[in-house]
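S.K.: One structure is given below, represented as structure tokens, and several questions about it will come after.
Protein chains: 4
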Amino acid sequence: MAEPAVSVRKPYRLVSRDFHPDNSVVRVGNTVFGSNRVVVMAGPCAVESRDQVMSAGECMARIGVPILRGGAYKPRTSPYSFQGLGVEGLKMLAEARQRFGVHIVTEAVDHDSLEQVAQWADMVQIGARNMQNFELLKAVGQVGKPVLLKRGFAATIDEWLMAAEYVAAHGNPNIILCERGIRTYETKTRNTLDISAVPVVKQLSHLPVVVDPSHAAGQWQWVAPLARAAVAAGADGLIIEAHPNPAEALSDGPQSLTWTHLEDLMRDLGRISRAIGRDL
Amino acid sequence: MAEPAVSVRKPYRLVSRDFHPDNSVVRVGNTVFGSNRVVVMAGPCAVESRDQVMSAGECMARIGVPILRGGAYKPRTSPYSFQGLGVEGLKMLAEARQRFGVHIVTEAVDHDSLEQVAQWADMVQIGARNMQNFELLKAVGQVGKPVLLKRGFAATIDEWLMAAEYVAAHGNPNIILCERGIRTYETKTRNTLDISAVPVVKQLSHLPVVVDPSHAAGQWQWVAPLARAAVAAGADGLIIEAHPNPAEALSDGPQSLTWTHLEDLMRDLGRISRAIGRDL
Amino acid sequence: MAEPAVSVRKPYRLVSRDFHPDNSVVRVGNTVFGSNRVVVMAGPCAVESRDQVMSAGECMARIGVPILRGGAYKPRTSPYSFQGLGVEGLKMLAEARQRFGVHIVTEAVDHDSLEQVAQWADMVQIGARNMQNFELLKAVGQVGKPVLLKRGFAATIDEWLMAAEYVAAHGNPNIILCERGIRTYETKTRNTLDISAVPVVKQLSHLPVVVDPSHAAGQWQWVAPLARAAVAAGADGLIIEAHPNPAEALSDGPQSLTWTHLEDLMRDLGRISRAIGRDL
Amino acid sequence: MAEPAVSVRKPYRLVSRDFHPDNSVVRVGNTVFGSNRVVVMAGPCAVESRDQVMSAGECMARIGVPILRGGAYKPRTSPYSFQGLGVEGLKMLAEARQRFGVHIVTEAVDHDSLEQVAQWADMVQIGARNMQNFELLKAVGQVGKPVLLKRGFAATIDEWLMAAEYVAAHGNPNIILCERGIRTYETKTRNTLDISAVPVVKQLSHLPVVVDPSHAAGQWQWVAPLARAAVAAGADGLIIEAHPNPAEALSDGPQSLTWTHLEDLMRDLGRISRAIGRDL
């Protein structure tokens, strides 16, 4: 079916720091990942309505979050859950971009949605469940937009870097890696944030690494401490779920910050960034 | 991104035993899963050549294995590994079917390969890495062939049954579940065979459950004991990797049985089946 | 605090099959582990009363279970849970031995209880939580009774064999290894029975290996299929929780078999044993 | 053997924040845990010689580390590994205390060593492997010294808090909890630091929480980022392995910092502490 576990010797080339000793810089519009500046992406789990997206875009512009996130194609565990607004959702995100000057990152789940996302968004997200959807990775390799590649929730660091290698080997070097928590026996949190992955991946690879504290925590109260920890550990950025009204969110409400919480967090992240000699 | 962990209350309907109290019977050609008979599927990990496939087909017919397995589309961790023979491989499998009277199960990895597999094979396999590739699951739901749905190597039993629910909700009730080992901290074996999943799933669902001892073991020496254990635990069948010359296999050689080992194992499995009141 | 993970090279000597190529035979009274005969141990989780223990002893003698289990010293997660009857419990077990001709296995949790258990019982059990209580292992090495060494629920196979090496290196070669399920992300079962550990350990070590299906399952309905699987996989024995009235058990009621269930299971295990050329 | 997994309802009382809403303060000599000040403990894995301990004590005093760690009783996976200097080691630690004004934390592994440690050290450490050695926990509850209770490497947060409850229920409320990494499928690091445990435990319990980044990382290069992350996440302190000559350490050399690395790290930790409104 598949192959034995990858060997101890590094099986990746293009994404390895041996191949490219300096940090890679990945541009999303005029925002740069992999420099001295820590980049925050935030927004709702799913695009739910035009009002919601405009509220989000306005908030991000106001508090200095350069990239708006929001899902139009939603991989849901249940076939009976809300599956996303599709192209209509992408158009709402694009409108927010134009009105508020934010960039857009949103997920693609197959060839068709990838084509749409590549057209409307500034960065394509590949979700945790698709990290080893190799046909999708090959297709993303041929797209002219940067890629946010989330770690599968049971992927080893080597497998994650091999997924990035698929994208790079098929032509797209603009990859940002995203740690979002792994599956362990502990059930208090939704996933266990593998904070160590930040320094480990920075050592093995030249690619920027960001952290998603929201999916790891599963509860909004723990998002801020995990976000602070990620910056202190050396992450190049964060992707955070926030919602104008978490109690009414169609998905991931319990782990979503309000605009106020997010604004407070931005202030704290600025202080930590400066404490380690970076900017936000 | 996605939704919180599924709740304690059973979130699946169509695949639940509450919905359909009797065991479901799934037919693959004239072979029946879910009856009193234990069904063995076997063959090479990957289709490598016409000679290899004919040798496999001849062996399976001779020793009483009704279904030949073999991958033409291979999801590989590395982009530099052998990716499969594609349609040419499917045609070789179809030739073996015609010559030796065996049925064919082989994996689909995206919409295009699914179309081909549905045309040439008797059963479509969805691999562990695609268990939550929901767009693929929806497409499989609209295919007129039975589905072998492998458990993701980090999927909970609930998530696995929800993946089956996707297929059923989109129109295809002919689903066979396949336990193939889960990812744990233990590294002696390639994965940890969750043998308990057999009785647990039989209690929760009416669908047939089979076991893949090869990917769990990772070493051929341990395949036979795990196969015996699966039958004793109540599995409705097995899918086993075997190769005419494991030392030269392009993938999964270390965990592949020879024809001789497989023949010996069939004899043991027959004895265990009869000890628990079933046939092989 | 402690040392890095044990290396790939086998770090154990006395318990290794390289050191002693033939299967070791361990005698508990006139019962032999490691021969062609599969040995069943059964009884309540905890010794609760004289009546309960006599009922258990009578049942075991009647249905052909040669060894009675029952805990007098109980390691409990909560300090507020029933902690066992101590020496009084041991005396009840000893009375059952005399009246019904069964042998006794029971757990020791520290030096003091070890001294008592070694005096009253036929075999000392070291529980999962004490598998790396090295001071206790050293003390068990100096006791003149055989040892049932349970695998820690998060111990690797190498660590488990190293724990056995502690006992052997301190003078006691009469060790029986017991797989009882490991901790994984799956929550349907109490632990994930690592059935593969049976053939893996039989290859690495000459010691007898038994399986505890009760703690892995956590629910009595799944105990029988797991017990059958263990025998089919080559286990040298089983240790099973059973209780005269599971609904009123002070601990582990949900996973305890009734006398009737146990008697039925013994019949099935006999059939499977004979199917693989062994006796029960 | 033991009981089912603890229920969703909080099973602990004395250590719960419901019982004691304010943060507890634990004093080790004149050092205070649980206040606004972040406390660092550091030193070698094992006490190896008088020279080594004096070098460590001198370094800690010079760079502002108030508590010296060092093991005299070593729980080792192999019976053939260095097992510690015992009481001689404790006396060396006590000499360093007197000469350099540092406090001492060191591990106890059974009743005998506990008696010695309680006599010579300022704080008793209970290691990860003994977190559910309930007899030892009961004994620690009766000792008049504060306790550093490490989380078992496969313990849930609930089980860890229940272990603390054992100590508290037997009379000792002076408990400091220590997260040190949990066992997962990822092998790049020795253990996976569960950084989320810091905010989760601070919410559930009033006890101080510290982090051991050394055992999680397994490699010294990753210790500093993890230590910074721990402070940013809200940990009340750190315990870090450092050695005058890591290449010659009898245990844990690869994860030990040099004096120079530790001094640099202290500077960074001071900056992060101040960025979140605390002191070091």
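Residue numbers (this note's numbering), protein chains in the order written: chain D, 1 to 280; chain F, 1001 to 1280; chain W, 2001 to 2280; chain H, 3001 to 3280. Just so you know, even glycine gets a beta-carbon here, dropped at the ideal spot from N, CA and C.
On a Cα-Cα basis, can you pick out the residue from 171(D), 275(D), 204(D), 129(D) that is closest to residue 145(D)?
M.R.: Of 171(D), 275(D), 204(D), 129(D), the residue nearest in Cα terms is 171(D).
S.K.: Please identify, using Cβ separations under 8 Å, the residues of the region 2208-2223 of chain W that lie next to chain F, in order along the chain.
M.R.: 2216, 2217, 2221, 2222
S.K.: Residues of chain W with a CB under 9 Å from the CB of residue 3048(H): which are they?
M.R.: Among the residues of chain W, none has a CB under 9 Å from the CB of residue 3048(H); the nearest is roughly 14 Å distant.
S.K.: What residues from the region 1229-1245 of chain F come within 9 Å of chain W, judged by C-beta to C-beta, listed N to C?
M.R.: 1229, 1230, 1231, 1232, 1233, 1234
S.K.: If residue 2210(W) and residue 2237(W) are in contact, beta carbons under 8 Å, what's the gap, nearest whole angstrom?
M.R.: 4 Å
S.K.: What number of angstroms, rounded off, separates the C-alpha of residue 3215(H) from the C-alpha of residue 3048(H)?
M.R.: 19 Å
S.K.: Can you name the start and end residues of the beta strand (DSSP E) that residue 3041(H) belongs to?
M.R.: Judged by DSSP secondary structure, residue 3041(H) falls within the beta strand (DSSP E) whose first and last residues are 3039-3043.
S.K.: Could you check which residue in 1031(F), 1252(F), 1067(F) has the C-alpha nearest to that of residue 1041(F)?
M.R.: That would be 1067(F), whose Cα lies nearest to the Cα of residue 1041(F).
S.K.: Please state the DSSP three-state secondary structure of residue 3100(H).
M.R.: helix
S.K.: Could you run through the region 3177-3203 of chain H and flag, in chain order, every residue whose CB is less than 8 Å away from some CB of chain F?
M.R.: 3183, 3184, 3185, 3187
S.K.: Less than 8 Å between CB atoms is the rule here; does residue 1011(F) satisfy it with respect to chain D?
M.R.: yes
S.K.: Between the region 2155-2173 of chain W and chain F, which residues of the former have a C-beta closer than 7 Å to a C-beta of the latter?
M.R.: Taking a C-beta cut-off of 7 Å against chain F, the contacting residues of the region 2155-2173 of chain W are 2156, 2157, listed in chain order.
S.K.: Per DSSP, which residues does residue 2264(W) bridge with? Please list them.
M.R.: Paired residue(s): none; residue 2264(W) is not in a bridge.
S.K.: Using the Cα positions of residue 187(D) and residue 1100(F), report the straight-line distance between them to the nearest angstrom.
M.R.: 50 Å
S.K.: Where do the ends of the beta strand (DSSP E) carrying residue 3177(H) lie?
M.R.: Per DSSP, residue 3177(H) belongs to the beta strand (DSSP E) from 3175-3179.
S.K.: When burial is assigned at 16 or more other CB atoms within 10 Å of the CB, is residue 1025(F) buried or exposed?
M.R.: With fewer than 16 other Cβ atoms within 10 Å, it is exposed.
S.K.: Give a yes or no on whether the minimum CB-CB distance between residue 129(D) and chain F is below 8 Å.
M.R.: yes
S.K.: Less than 8 Å separating the beta-carbons of residue 3120(H) and residue 3094(H)?
M.R.: yes
S.K.: List the whole-angstrom C-beta distance separating residue 3305(H) from residue 195(D), where the pair is believed to meet the contact cut-off of C-beta under 8 Å.
M.R.: The structure shown does not extend to residue 3305(H), since chain H is modelled only from 3001 through 3280, so no value can be given for it.
S.K.: Quick one: residues in its chain with C-beta nearer than 6 Å to the C-beta of residue 278(D), no 5 flanking neighbours on either side, listed in chain order?
M.R.: Cβ within range, chain order: 36, 38.
S.K.: Whose CA, out of 275(D), 230(D), 13(D), lies closest to the CA of residue 21(D)?
M.R.: 13(D)
S.K.: Between residue 2002(W) and the rest of its own chain, which residues show a CB-CB distance below 8 Å, the 5 nearest in sequence each way excluded?
M.R.: Because the pLDDT of residue 2002(W) is 39, which lies under 50, any placement of that residue in the model is unreliable, and the number read from its coordinates should be weighed accordingly. Counting only Cβ-Cβ distances below 8 Å, and skipping sequence neighbours, we find nothing.
S.K.: Nearest by alpha-carbon distance to residue 3062(H): which of 3272(H), 3259(H), 3078(H), 3269(H) is it?
M.R.: 3259(H)
S.K.: So, helix, strand or coil for residue 2033(W), using DSSP?
M.R.: Strand, per DSSP.
S.K.: Quick one: what's got a C-beta closer than 6 Å to residue 130(D)'s C-beta in the same chain, skipping five residues either side?
M.R.: 136
S.K.: Among all the DSSP beta bridges, which residues are the ones paired with residue 15(D)?
M.R.: According to DSSP, residue 15(D) bridges with nothing at all.
S.K.: Would the region 26-33 of chain D and the region 239-250 of chain D be scored as touching if the rule is three or more Cβ pairs under 8 Å?
M.R.: no
S.K.: Within the 8 Å Cβ cut-off, does residue 6(D) reach chain H?
M.R.: Its pLDDT being 37, under 50, residue 6(D) is placed unreliably by the model, and nothing is read from it.
S.K.: Buried or exposed for residue 980(F), going by 16 or more other Cβ atoms inside 10 Å?
M.R.: Given a span of 1001 to 1280 for chain F in the structure shown, any question on residue 980(F) remains unanswerable.
S.K.: Tell me, please, whether the CB atom of residue 3066(H) is closer than 8 Å to any CB atom in chain D?
M.R.: no
S.K.: Give the secondary structure of residue 144(D) by DSSP, where H, G and I count as helix, E and B as strand, and everything else as coil.
M.R.: coil
S.K.: If residue 1166(F) sits next to residue 1141(F), beta carbons under 8 Å apart, how far is it from one beta carbon to the other, in whole angstroms?
M.R.: The Cβ separation is near 7 Å, so the contact holds.
S.K.: Of all the beta strand (DSSP E) runs that stay within the bounds of the region 182-258 of chain D, which reach a length of 3 or more residues?
M.R.: You should have 209-211, 237-241.
S.K.: For my contact list, residue 2044(W) and residue 2056(W) are in at a C-beta cut-off of 8 Å; report their separation, rounded to the angstrom.
M.R.: At roughly 6 Å, the Cβ-Cβ gap stays under 8 Å, so residue 2044(W) and residue 2056(W) are in contact.
S.K.: Would you say residue 1272(F) reaches chain W, if we count a Cβ-Cβ gap shorter than 8 Å as a contact?
M.R.: It does: the Cβ of residue 1272(F) has a partner Cβ on chain W nearer than 8 Å.
S.K.: What did DSSP end up calling residue 271(D) once you bin it into helix, strand or coil?
M.R.: Residue 271(D): helix per DSSP, three-state reduction.
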